[in-house]
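*Asks:* So for the sequence shown, our numbering puts the first residue at -4; every next one is plus one.
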Amino acid sequence: MDRKITYRISSADLSATERTVMKLADYRKSESDSVFAPPIHSLPVEVLIRIVQTLLGPRPSLRTLVRLTHVCRCWRNVSEGASNLWTWISAREGLAHAEKALKMAQTAPLDIVYDISPARPISSLFINMVCSAFTQWSSFRFECTELVAAESLGRLATTPAPNIIYIKLRNWLPPFQYGETITLFGGAPASATLRHVELGKVRIDLAPLRLSNLRSLDLWDIRAVSENEG
C-alpha cells in the first residue's frame, strides 16, 4: 500500500532555498560569461557597434538588424542599444520592421523612405506610423507610380516643417500625367535646415517655402512648380 508523505517547509527554509537558487543562477551566468562566451564579447560596446556599422554600411537593412538581435543576448543588447543603427526606415521592409525601428531609434534623427513597388498602393499605415515621429525627420524620400495627393504625404503637407535637411518627391508616371498641386507644411515656410530638394513629376507650390537656404534644387519633368503657373 502506497503511503502519502507530506513535506512541510518553513518560510525560513523557503527563503534560504530561494537565496541558494539565486546564487546558483548568478554563478552559472558568471561562468557562462567568462568561460563559454566567445572572445568577441569581451570587446567594448563601442567597438562592437562600429563592427556592425562597417559590415552593414550606412543604411543597414532593418531585417538584418532584427536577425542580429536573435544571435545571442550580447548582440541583442548591442544592436538594440545603438539607436543610430535604426534610423534608415524604408517602407519596403514592412510595417512590423518599421515599427521596431521607430522604437529602437528613440530620439535619433530619422531618414524616411517610401519607394514601394508599382503593384502596391500607397500605404497610409506606413505614412501615419512614421508621422508619429515627424519632428525627428532628417530626410524624406517618396517615390511611387501613382498620382500623389496631399493626404498621401501625411504631415509633410499639413503641419509646420521639422528640421528636415533633404526632401525627394518623385512620381514614375507615363508622360503628361501630373497630380494636383500640393502645398507643403500647411503653407508655412520650410525650415532653415532644408538644404536639398528633388522634385519629379509632382506639382508643388514652391513659393510659400521660401527656399533661400538651399544648396541644391533638382527639378525633373516639372510642369508647374507654383499655383500661379498651374
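Beta carbons: idealized from backbone N, C-alpha and C, even for Gly.
1. Name the one or two DSSP bridge partners that arginine 165 has.
2. Taking all protein chains shown into account, decide if glycine 149 is buried (16 or more other Cβ within 10 angstroms of its Cβ) or exposed.
3. For the segment 201 to 212 against the segment 180 to 190, are there 3 or more C-beta pairs whose distance is under 8 Å?
4. Within the same chain, show all residues whose beta-carbon is closer than 8 Å to that of histidine 92, passing over the 5 residues directly before and after it, in chain order.
5. Only counting the same chain, and skipping five residues up and downstream in sequence, which positions put a Cβ closer than 6 Å to that of arginine 54?
6. Using a Cβ-Cβ cutoff of less than 7 Å, which residues in the same chain neighbour asparagine 79 once the five nearest sequence positions on both sides are dropped?
7. With a CB to CB cut of under 8 Å and the five nearest residues on each side skipped, what residues in its chain are close to alanine 20?
8. Which whole-angstrom value describes the C-beta separation of tryptophan 132 and isoleucine 159, a residue pair presumed to lie in contact below a C-beta threshold of 8 Å?
9. Once DSSP output is grouped into helix, strand and coil, what is the label at alanine 177?
10. Considering leucine 206, what are the terminal residues of the beta strand (DSSP E) in which it resides?
11. Out of Leu105, Gly182, Val73, Pro184, point me to the one whose CA is closest to leucine 38's CA.
12. Pick out whichever of Asp213, Gly89, Leu179 has its Cα sitting closest to the Cα of alanine 226.
13. If we call anything under 8 Å between Cβ atoms a contact, is valine 125 one with leucine 164?
14. Roughly how many angstroms separate the alpha carbons of alanine 100 and glutamate 94, rounded to a whole number?
15. Can you check the segment 34 to 120 for any beta strand (DSSP E) of at least 3 residues that lies completely inside it and give the ranges in chain order?
16. Does DSSP put leucine 151 in a helix, in a strand, or in coil?
17. Return the CA-CA distance between valine 42 and aspartate 213, expressed in angstroms with no decimal places.
18. Leaving out five residues on either side along the sequence, give the residues of the same chain with a beta carbon under 7 Å from the beta carbon of threonine 130.
19. To the nearest angstrom, how far is the alpha carbon of leucine 121 from that of alanine 183?
20. Using the C-alpha atoms, what's the distance from proline 155 back to leucine 97?
21. Around the C-beta of tryptophan 215, are 16 or more other C-beta atoms found within 10 angstroms, so that it is buried, or is it exposed?
*Replies:* So, from the listed chains and residues:
1. In the sequence shown, counting from the first residue as 1, residue 165 sits at position 170. Looking at the DSSP assignment, arginine 165 forms a beta bridge with Glu138, Gly195.
2. Residue mapping note: residue 149 aligns to position 154 of the sequence shown, counting from 1. It is buried - the Cβ of glycine 149 has at least 16 other Cβ atoms within 10 Å.
3. yes
4. In the sequence shown, the residue the question calls residue 92 occupies position 97. Closer than 8 Å at Cβ, skipping near neighbours: Leu57, Arg58, Val61.
5. Here residue 54 is taken as the residue at index 59 of the sequence shown, counted from 1. Contacts found: Trp83.
6. Taking the first residue of the sequence shown as position 1, residue 79 is located at position 84. Correct list, in chain order: Ala103.
7. Position 25 of the sequence shown, counted from the first residue, corresponds to residue 20. With a pLDDT of 47 at alanine 20, under the threshold of 50, the predicted position of this residue should be treated as unreliable, though the coordinate-derived value follows. Within the same chain, alanine 20 has no close Cβ partners at all.
8. Within the sequence shown, residue 132 is the residue found at index 137, counting from 1. Within the sequence shown, residue 159 is the residue found at index 164, counting from 1. At roughly 5 Å, the Cβ-Cβ gap stays under 8 Å, so tryptophan 132 and isoleucine 159 are in contact.
9. Walking along the sequence shown from the start, residue 177 turns up at place 182. Looking at the sequence provided, one finds isoleucine at residue 177 rather than alanine. Residue state, collapsed to three classes: strand.
10. For this step, residue 206 is matched to residue 211 along the sequence shown. Careful: leucine 206 lies outside any beta strand (DSSP E) and carries neither H nor E.
11. Here residue 38 corresponds to residue number 43 of the sequence shown, with the count starting at 1. Of the candidates Leu105, Gly182, Val73, Pro184, the one whose C-alpha sits nearest the C-alpha of leucine 38 is Val73.
12. Residue 226 cannot be examined here, being either before or after the span of the chain that is shown, -4 to 225.
13. Position 130 of the sequence shown, counting from 1, holds the residue named residue 125. Position 169 of the sequence shown, counting from 1, holds the residue named residue 164. Taking 8 Å as the Cβ cut-off, valine 125 and leucine 164 do not qualify as a contacting pair.
14. Here the question's residue 100 lines up with position 105 in the sequence shown. Here the question's residue 94 lines up with position 99 in the sequence shown. Their Cα atoms are separated by approximately 10 Å.
15. 83 to 85, 105 to 109
16. Within the sequence shown, the letter at position 156 stands for residue 151. The answer is helix: DSSP assigns leucine 151 an H, G or I state.
17. In the sequence shown, the residue the question calls residue 42 occupies position 47. In the sequence shown, the residue the question calls residue 213 occupies position 218. C-alpha separation (whole angstroms): 39 Å.
18. Here residue 130 corresponds to residue number 135 of the sequence shown, with the count starting at 1. Excluding positions up to five away in sequence, the list reads Pro157.
19. Sequence index remark: in the sequence shown, residue 121 carries index 126 (1-based). Sequence index remark: in the sequence shown, residue 183 carries index 188 (1-based). With the sequence shown as reference, residue 121 is identified as phenylalanine, and leucine is not the correct amino acid for it. Distance between the alpha carbons of phenylalanine 121 and alanine 183: 24 Å.
20. As a position in the sequence shown, residue 97 is number 102, starting the count at 1. As a position in the sequence shown, residue 155 is number 160, starting the count at 1. Whole-angstrom Cα-Cα distance: 21 Å.
21. Position 220 of the sequence shown, counted from the first residue, corresponds to residue 215. When all chains shown are included, tryptophan 215 counts as exposed.
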